[in-house]
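In our numbering, the protein residues as written are 60 to 606. For every residue, glycine included, the Cβ atom is placed at its ideal position computed from N, Cα and C. Below you'll find the structure, written out as structure tokens, and then a few comments.
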Ligand code: NAD
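Quick look at the structure:
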């Protein structure tokens with residue numbers, strides 16, 4: 060996209076030309092119904108999970124359907140880079156149909172009017188159904204995204220946890236009442252905003268979709284989800300899960316498609332009152348501009364270039380373990396990745412040596428192999444972008460690990476975990492989000508310099524601080540410009556805490572009650588308790604006329 064270091068390749072180059080779907084016809088697609096395996100999809104893809112669909116459809120008003128105009132786009136798997144399926148390419152008219160269904164379900168259907176407990180029951184059923192699909196989700200997600208299977212396993216558990224959590228939050232939701240004794244009672248009538256447009260990225264797609272779906276549905280909104288075009292496979296599971304859980308028709312709608320077409324149409328649609336977006340900062344800026352026309356509510360979870368600050372007194376073993384996992388897990392395609400490691404000079408050389416040695420030993424391979432620690436990057440377009448950064452990095456820092464495709468993996472989007480040391484803060488690999496298994500290490504002298512380096516980028520999503528001096532640790536945490544800080548702590552998150560970034564990393568925070576605040580509006584209702592005493596306009600003139 061626009062942060063591509065050398066070329067400006069348009070997203071969705073594989074977009075279909077408008078020809079009809081190559082897979083099963085309208086109404087017959089969906090997860091688990093298509094033929095799986097080599098040679099059964101539109102291209103000669105490698106063997107995938109059993110029941111791999113050859114075609115993915117929208118889900119609108121409780122029905123699977125193709126685009127009105129019949130357009131499709133092609134979906135690749137990141138190991139063979141072959142087309143394994145087509146997906147319906149949503150256009151404005153498909154988004155219209157989905158928003159209309161969601162608007163009808165909101166205006167006329169039971170969902171927004173149900174007691175919180177009744178909605179929570181459905182959400183808990185969703186959680187059970189999601190959890191029961193952990194293995195299936197893992198194999199689909201691994202095939203579609205290139206995430207190592209061991210890291211894809213558990214994503215369904217986390218997605219299920221989001222539904223359980225928001226089921227609990229909505230039942231426990233309490234709103235304020237304010238009394239002026241004897242005169243007035245004022246209370247907050249909290250109500251769902253309406254139709255929410257949810258736009259999600261391709262890294263851990265199913266789990267990230269659950270972050271938006273769970274609070275939006277808990278709040279009583281109806282939704283249209285537009286998943287990322289690189290990884291549309293797992294999103295189709297939602298249709299069957301919500302149907303089985305008893306979610307009323309039209310409450311959940313799914314429109315596949317290219318961002319600049321289906322995503323843009325969802326943002327521009329006057330019927331979507333809210334847009335919750337996770338993705339690149341540049342895309343967020345476009346959406347922000349487009350949403351201004353209709354003054355939509357926006358939640359923006361954007362890119363990051365998060366620092367890991369390691370002081371000389373830190374527990375280096377834990378810092379190294381956590382920093383390695385932080386930047387190389389999920390193939391480095393992680394928004395909170397600690398992709399800049401700042402290390403105090405006294406321990407710098409030893410840290411770099413140990414970190415690089417461990418990085419060289421990371422197992423890169425087939426995502427479906429449980430021994431794999433780093434799999435294949437999501438798409439050849441993204442792979443090219445990451446490889447461009449590696450080339451740029453060669454001129455900006457000292458390459459101490461990786462830097463190339465592992466020799467045993469001649470095909471697929473593989474990159475050996477790549478470590479650049481001695482990277483100056485002016486370097487592009489220090490400043491720009493790469494979103495792959497590439498890390499920049501930079502030395503610092505003291506706390507002041509560490510802080511300057513940590514804050515010296517446009518992003519502010521996460522930060523990690525390692526020090527035995529807790530006073531300094533808190534001081535650093537408070538001074539770092541980041542929405543979330545982990546102090547001597549690995550990246551794990553309590554669902555009640557705020558999630559979000561500052562600066563170019565986002566607008567607004569989600570998590571816990573903040574998510575419910577986003578999907579609801581608080582209406583103030585004022586009730587007089589005693590006699591009403593309004594000023595009596597017009598009464599004086601009438602009295603004068605009488606006398
Ligand atoms: P992206 O911005 O390219 O795409 C995200 C989504 O937006 C996709 O569904 C895409 O189709 C859609 N889109 C693209 N152009 C659009 C437009 N003009 N109008 C409407 N929708 C449009 O991001 P990506 O490459 O899919 O994801 C990677 C990015 O996401 C990284 O920058 C990463 O840091 C960020 N991310 C952030 C968080 C967070 O919580 N802060 C979490 C995960 C990923």
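Supposed contact pair residue j and residue i - C-beta distance, whole angstroms, cut 8 Å
i	j	result
residue 511	residue 309	In fact, because the Cβ distance is near 52 Å, the residues do not count as touching under 8 Å.
residue 229	residue 178	6 Å
residue 144	residue 169	Rounded, the Cβ-Cβ distance is 35 Å, inconsistent with contact.
residue 245	residue 584	7 Å
residue 191	residue 214	The pair is not a contact, with the Cβ atoms about 14 Å apart (cut-off 8 Å).
residue 125	residue 147	5 Å
residue 549	residue 558	Not really, about 16 Å apart at Cβ, beyond 8 Å.
Near the ligand NAD: residue i beta-carbon under 7 Å from a heavy atom
i	result
residue 492	yes
residue 297	no
residue 288	yes
residue 541	no
residue 360	yes
residue 375	no
residue 175	no
residue 285	yes
residue 319	yes
residue 261	yes
residue 205	no
residue 323	yes
residue 339	yes
residue 326	yes
residue 556	no
Rounded separation between residue i and residue j - CA only
i	j	result
residue 175	residue 385	37 Å
residue 334	residue 603	57 Å
residue 135	residue 508	44 Å
residue 250	residue 572	14 Å
residue 566	residue 541	12 Å
residue 594	residue 236	26 Å
residue 404	residue 325	50 Å
residue 367	residue 586	53 Å
residue 62	residue 327	At residue 62 the pLDDT is 32, less than 50, meaning the model places this residue with poor confidence and gives no usable figure here.
residue 295	residue 302	12 Å
residue 100	residue 142	Bear in mind that the predicted position of residue 100 carries a pLDDT of just 43, short of 50, making it unreliable; the figure below should be weighed with that in mind. Answer to the nearest angstrom: the Cα atoms are 7 Å apart.
residue 60	residue 306	Reliability of the predicted coordinates at residue 60 is poor, the pLDDT of 36 falling under 50, and no value is obtained from them.
residue 247	residue 346	31 Å
residue 204	residue 116	19 Å
residue 357	residue 240	38 Å
residue 575	residue 212	28 Å
residue 453	residue 482	10 Å
residue 488	residue 399	9 Å
residue 475	residue 392	14 Å
residue 539	residue 427	38 Å
residue 596	residue 329	40 Å
residue 601	residue 351	48 Å
residue 171	residue 107	40 Å
residue 114	residue 416	44 Å
residue 592	residue 233	31 Å
residue 536	residue 513	11 Å
residue 274	residue 406	44 Å
Check whether residue i and residue j have beta carbons under 8 Å apart
i	j	result
residue 374	residue 525	yes
residue 439	residue 390	no
residue 443	residue 283	no
residue 437	residue 270	no
residue 422	residue 497	no
residue 188	residue 304	yes
residue 560	residue 361	yes
residue 220	residue 554	yes
residue 127	residue 167	no
residue 278	residue 556	no
residue 210	residue 388	yes
residue 408	residue 528	no
residue 259	residue 286	yes
residue 522	residue 365	yes
residue 493	residue 445	yes
residue 318	residue 342	yes
residue 379	residue 419	no
residue 349	residue 321	no
residue 207	residue 432	yes
residue 486	residue 456	yes
residue 336	residue 369	no
residue 222	residue 182	yes
residue 185	residue 300	yes
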